[in-house]
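Presented below is the structure to which this report refers.
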Amino acid sequence: MAMKILESSPRFARFEITDITTSEANALRRTLIGDIPKLAIDKVSIHHGQIRDKDGNVFGSSLALFDEMIAQRLAMVPLVTDLKMNFRDECTCEGKGCTLCTVTYSINKLGPGTVMSSDLQPLNNPSAVPSDLDIPIVKLRKDQALLVTADAMMGRGSLHSKWQVSSGVSYKVHREFTFQKSAFHRWTSLKEKYPNAVLTENKERITFTDDNGDGEITSMSGEKGVEVTEDQNRYVFKFETDGSLPAIEVLDYSLKRIPQRLNTLLDSLVTPD
Amino acid sequence: MIIPVRCFSCGKVIASDYRKFVAKIGESKTADGKVDQKIVEKTLDELGIKRYCCRRMILSQADLIDEIIPFS
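Chains as they are written, first to last, in this note's numbering: chain S, 1 to 273; chain L, 274 to 345.
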C-alpha cells in the first residue's frame, strides 16, 4: 500500500492510494465525511425584549427570521478548530462545560445592517474564529438588534452536518485513455491543454490520464480511436474542506481514525465462557 | 428568504459566495436586464462552485428577506 499526494492546498486535497480494495477506499471516504471532529455552535441563547444602546435608543429583538433559524445558521458557520480540544462528554469537567471543551461566542449587533459571521466574537479562545467571515446570518431593520451568546463544542459529521468538515469527498479508479493518433485527431489540442495528463507517447499512440480531474479527457471515453483501461488497484481521492481544518490535517486524522475504530470493535469482543 | 449557509446536498459553505456572485452578475447585465448564460457559468466556476448541487443553491435563490423585514 502506498500513498501519493497529487495536489494539496489549505482547503483541497487530491491523492492516490495503491493496492487497496474498494471497501477500504469507501471506509476512508466515509471517515472523511462523517468522522472528523470539529467545532460548531451547539447552544444559542438569544436575548428577548428591549435592547438599549449607550445613548438610550431602544431596539426590538423580534427579527425577520425565527430564533431557531438564526440558531441553525450560526451552527452552520465553520469555526477554526484545534483538534486538541476535548469532546464534552469525555472532558474532565464531566459534561458541565469548561474552557477545554467549550468556546463561548457573543454577538452584539444593532441595526440597521446585516449580521455577518465576522460578528461572532470568541470570548475564551481567540483562535477559534469563523473560517469564513462573509456569511450573512440575518438582516436587521434600523430599530432591530441581535444580542446572542452561543456555546460551541466538538462533534462529528455523522451526528449533524454542522460538524461536517469535508465536502465533495469522492474516489475513482485510475484510468488511462489511449488515443490512436491516426483515428483520433483531436489529441493535439488535448495535449496542449493538459500537458500534465500525458503519461506516454510514441508515433502511433498517446496515453492520457484523468486523475487530475480534467473532465474533458473523461468525456472522451467511447469515442472512436480511444481505448480506456482501468487499474482497479489504484484509487484517486479528492475532497475539500470548509476551512475549519487544513485538508492535510483532515487526511492525517482520518487515516489514524480507521484503525482506531476497528480496534474499538476488536476490544469489545469477549470470549464466551 | 436568505441564502442558506451550506449546500443542502454536500455541505460546502456557499453563503459567502452568493454576494460575490450577485455583484458580479449585476455588472454584466445587459440593458434589458438579462445575463448571458456563459457569464453565469464562468462566474460560478471562478468562485469555485463546481458541483451542480452547490450551483443550484445559488442559481435558484430568491432573496426575499428585504420584503419580509418590514413585517417582522
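Beta carbons: idealized from backbone N, C-alpha and C, even for Gly. Keep in mind that this is a model prediction, so the values were computed, not measured.
- The straight-line gap separating the alpha-carbon atoms of Y105 of chain S and L120 of chain S is approximately 6 angstroms.
- For F179 of chain S, the closest of S:Q232, S:K172, S:V44, S:T209 by C-alpha to C-alpha distance is S:T209.
- Between the alpha carbons of M330 of chain L and E204 of chain S lies a gap of roughly 46 angstroms.
- For the options S:H48, S:R52, S:E201, S:I70, the alpha carbon positioned closest to that of S62 of chain S is the one of S:H48.
- Contact fails between the segment 132 to 143 of chain S and the segment 91 to 101 of chain S, because fewer than three Cβ pairs, one in each stretch, are under 8 angstroms apart.
- As a beta-bridge residue in DSSP terms, Q121 of chain S pairs with S:S106.
- Taking a Cβ-Cβ cut-off of 7 angstroms, the neighbours of R73 of chain S in chain L comprise V278, given in sequence order.
- Contacts between P78 of chain S and chain L, judged by CB atoms closer than 8 angstroms, involve V286 in chain order.
- Relative to F59 of chain S, the option among S:P78, S:V103, S:M76, S:L110 whose CA is nearest is S:L110.
- Counting other Cβ atoms within 10 Å of its Cβ, M1 of chain S stays below 16 and is therefore classed as exposed.
- Taking C-beta atoms as the reference points, A64 of chain S and I338 of chain L count as a pair closer than 7 angstroms.
- For D151 of chain S, the enclosing beta strand (DSSP E) covers residues 145 to 156.
- Measuring C-alpha to C-alpha distances from P343 of chain L to each of S:I5, S:Q144, S:T102, S:S118 identifies S:Q144 as the nearest.
- With at least 16 other beta carbons inside 10 angstroms of its own, S289 of chain L counts as buried.
- Secondary structure of S61 of chain S (DSSP, three-state): coil.
- The DSSP-derived three-state label of T188 of chain S is helix.
- At a C-beta separation below 7 angstroms, Q164 of chain S has these neighbours in chain L: G284.
- Along the segment 24 to 57 of chain S, the beta strand (DSSP E) occurs as fully enclosed runs of 3 or more residues at 37 to 46, listed in sequence order.
- Closest in alpha carbon position to Y194 of chain S, among S:P10, S:V228, S:D211, S:K181, is S:D211.
- Among the residues of chain S, none has a CB under 8 angstroms from the CB of S333 of chain L; the nearest is roughly 17 angstroms distant.
- For G299 of chain L, the uninterrupted alpha helix (DSSP H) run begins and ends at 288 to 300, by DSSP.
- Taking the Cα of S189 of chain S as reference, the smallest distance to any Cα among S:S170, S:M220, S:S167, S:Q164 is reached at S:M220.
- DSSP lists S:P136 as the bridge partner or partners of M116 of chain S.
- Going by beta carbons, I135 of chain S and V278 of chain L fall inside the 7 angstroms limit.
- Pairing V286 of chain L with D242 of chain S gives a Cβ-Cβ distance under 7 angstroms.
- Unbroken alpha helix (DSSP H) stretches of 4 residues or longer found wholly inside the segment 155 to 225 of chain S: 187 to 193, 215 to 218, given in chain order.
- Beyond the five residues adjoining it in sequence on each side, E7 of chain S comes within less than 6 angstroms, by CB distance, of R14 in the same chain, given in chain order.
- Of all residues in the segment 300 to 324 of chain L, the ones placed with a Cβ closer than 9 angstroms to any Cβ belonging to chain S are G321, K323, R324, in chain order.
- What R328 of chain L touches in chain S, judged by beta-carbon distance under 7 angstroms, is nothing: the nearest beta carbon there is about 12 angstroms away.
- Taking the Cα of V129 of chain S as reference, the smallest distance to any Cα among S:M154, S:P78, S:K43, S:R234 is reached at S:P78.
- For K4 of chain S, the enclosing beta strand (DSSP E) has its first and last residue at 2 to 9.
- The Cβ atoms of L32 of chain S and S166 of chain S lie closer than 7 angstroms to each other.
- In the three-state reduction of the DSSP assignment, F15 of chain S falls in the strand class, which pools E and B.
- I341 of chain L reaches chain S at A64, counting residues in chain order whose Cβ is nearer than 7 angstroms.
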